[in-house]
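Everything on this sheet refers to the single structure shown next.
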Amino acid sequence: MQNRKVGLIIALSSCLACFLLFVILIVNLIVGIGRSSISHQSSSLLEDRIDVLSIEGVIGETTSSMFATSYYDHQFIINSLSTLIDDPSSKGLIVFIDSPGGSVYHTDEIYLKLLEYKSTGRPVYASFGSTAASGGYYIGCAADKIICNRNTLTGSIGVIMQNIIDISGLYEKLGIKVETITAGENKAMGSGYEPLTDEQRTILQSMLDETHAQFIEVVSEGRNLSLEEARKLADGRIYTAKQALENGLVDQLGTFEDTVTIMRESEDLMDLPLNYIEQAPLSFFDTLLLKLPNLTPKTELSAILELESNINKFGYYCISPLGNSSY
1 MQNRKVGLII ALSSCLACFL LFVILIVNLI VGIGRSSISH QSSSLLEDRI DVLSIEGVIG
61 ETTSSMFATS YYDHQFIINS LSTLIDDPSS KGLIVFIDSP GGSVYHTDEI YLKLLEYKST
121 GRPVYASFGS TAASGGYYIG CAADKIICNR NTLTGSIGVI MQNIIDISGL YEKLGIKVET
181 ITAGENKAMG SGYEPLTDEQ RTILQSMLDE THAQFIEVVS EGRNLSLEEA RKLADGRIYT
241 AKQALENGLV DQLGTFEDTV TIMRESEDLM DLPLNYIEQA PLSFFDTLLL KLPNLTPKTE
301 LSAILELESN INKFGYYCIS PLGNSSY
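Numbering (UniProt numbering), first residue to last: 1 to 327.
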């Protein structure tokens, strides 16, 4: 009887969620609340200027949180950089970075776009916020100069493959049997349905080692360090701002305002205004639309499927042992 009541509640909740989704879609279509990422400039694109682009949050696809007014939009960042590369009125670029890193692919895509901008002869400066670690630091290595807040956590020069979880025992407990048919003995490695073999661990480790070597090369080139010097710093540890400065990972300690002043004075751009490139915030309805699946009650099966979706995250991520440090 109790199970029937729980099933009825879940069914009603799902119906309600579907109804809310339908209403939200209609409202977005009629009122036009749904919006794509656009850029809001504080100065005319026709005049010479210094552009400012922020990269905040986990680097990957578009992400947001419930009722948040900001979110990470990868395509917005790439499109913005492409526009600036082709715009001769952009005389310099300051990238404000506050990120613990993210996926290897998306991180490197931003890095290469910054190098493309810099290849035109225009300066790129990086200003580090509270965290510019792993992929966040990787991106910063494209800059001509890195100015780091004195409280920034940075470095974490390494690669991680998160959440390789063997859930076969849980499936067995729930009476779920998974049968995977493959051609190639390592095709399904890391699937979560069976333990990794020693050979598969070796394969995965080789992938991480290769990507780590790429990270070390980026640090070596961007910071004018020898490969050996960069390799010694690339054990995955987090550096304080002072430690990063002492090791040549950043050029100077200072605030974002200091970064602006340093660029203007060093690059002879004193008279140019700042142009903040900002993505449009998500509307309440768009945010709700993204998070609607999380509002419905979770069954054991849905919890397992959610767990599966987080398996095998591969990237330049920083996992801080300090937690949320505060004074």
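Beta carbons are placed, not taken as given, at the ideal position from N, Cα and C, and that holds for glycine.
All figures in this text were calculated on a predicted structure; none of them were measured in a lab.
Report all residues from its chain with a CB closer than 6 Å to the CB of residue 65; omit the five preceding and five following residues, and keep chain order.
Taking the first residue of the sequence shown as 1, we reach residue 65 at position 65. Bear in mind that a pLDDT of 47 at residue 65, under 50, signals an unreliable position, so the model cannot answer this.
Short check: CB of residue 143 to CB of residue 95, under 8 Å?
Counting from 1 along the sequence shown, the entry for residue 143 is found at position 143. Counting from 1 along the sequence shown, the entry for residue 95 is found at position 95. Against a cut-off of 8 Å, the Cβ pair of residue 95 and residue 143 comes out as a contact.
Residue 145 bridges to which residues according to DSSP?
If you number the sequence shown from 1, residue 145 lands on position 145. Paired residue(s): 125.
How should residue 169 be labelled, buried or exposed, when 16 other C-beta atoms within 10 angstroms of its C-beta is the threshold for buried?
In the sequence shown, residue 169 corresponds to position 169, counting from 1. Exposed is the call here.
Tell me whether residue 116 sits in a helix, a strand or coil according to DSSP, three-state version.
Position 116 of the sequence shown, counting from 1, holds the residue named residue 116. Residue 116 falls in the helix class under three-state DSSP.
How would you label residue 149, buried or exposed, when you count the other beta carbons within 10 angstroms and need 16 or more for buried?
As a first step, residue 149 is located in the sequence shown; it is residue number 149 there, counting from the start. Residue 149 is buried by the Cβ-count criterion.
Taking just the CA atoms, how far does residue 185 sit from residue 128?
Residue mapping note: residue 128 aligns to position 128 of the sequence shown, counting from 1. Residue mapping note: residue 185 aligns to position 185 of the sequence shown, counting from 1. Their Cα atoms are separated by approximately 45 Å.
Could you tell me if residue 100 is buried or exposed, where buried requires 16 or more neighbouring beta carbons within 10 angstroms of its beta carbon?
Indexing the sequence shown from 1 puts residue 100 at position 100. Flag for residue 100 reads buried.
Quick check: what's the CA-CA separation for residue 61 versus residue 250?
Taking the first residue of the sequence shown as position 1, residue 61 is located at position 61. Taking the first residue of the sequence shown as position 1, residue 250 is located at position 250. Going by the C-alpha atoms only, they are around 28 Å apart.
Name, in chain order, the residues that DSSP records as bridge partners for residue 84.
Numbered from 1 along the sequence shown, position 84 holds the residue referred to as residue 84. Beta-bridge pairing links residue 84 to no other residue.
Is the separation between the beta-carbon of residue 72 and that of residue 59 shorter than 8 Å?
Here residue 72 refers to the residue found at position 72 of the sequence shown. Here residue 59 refers to the residue found at position 59 of the sequence shown. For residue 72 and residue 59, yes; Cβs fall inside 8 Å.
Classify residue 105: buried if its beta carbon has 16 or more other beta carbons within 10 angstroms, exposed otherwise.
Here residue 105 is taken as the residue at index 105 of the sequence shown, counted from 1. By the neighbour-count rule (16 or more Cβ atoms within 10 Å), residue 105 is not buried but exposed.
Spatial neighbours of residue 222 within its chain, please: C-beta separation below 7 Å, excluding the five flanking residues on both sides.
Along the sequence shown, one-based indexing puts residue 222 at 222. The residues are 141, 142.
DSSP three-state call for residue 312: helix, strand or coil?
Here residue 312 is taken as the residue at index 312 of the sequence shown, counted from 1. Because residue 312 sits at a pLDDT of 47, beneath the cut-off of 50, its placement in the model cannot be relied upon, and the following sentence gives the value as read from the coordinates. In this structure, residue 312 counts as coil in the three-state DSSP scheme.
Whole angstroms are fine: how far does the CA of residue 158 sit from the CA of residue 228?
Looking up residue 228 in the sequence shown gives position 228. Looking up residue 158 in the sequence shown gives position 158. Looking at the two C-alpha atoms, the distance is approximately 15 Å.
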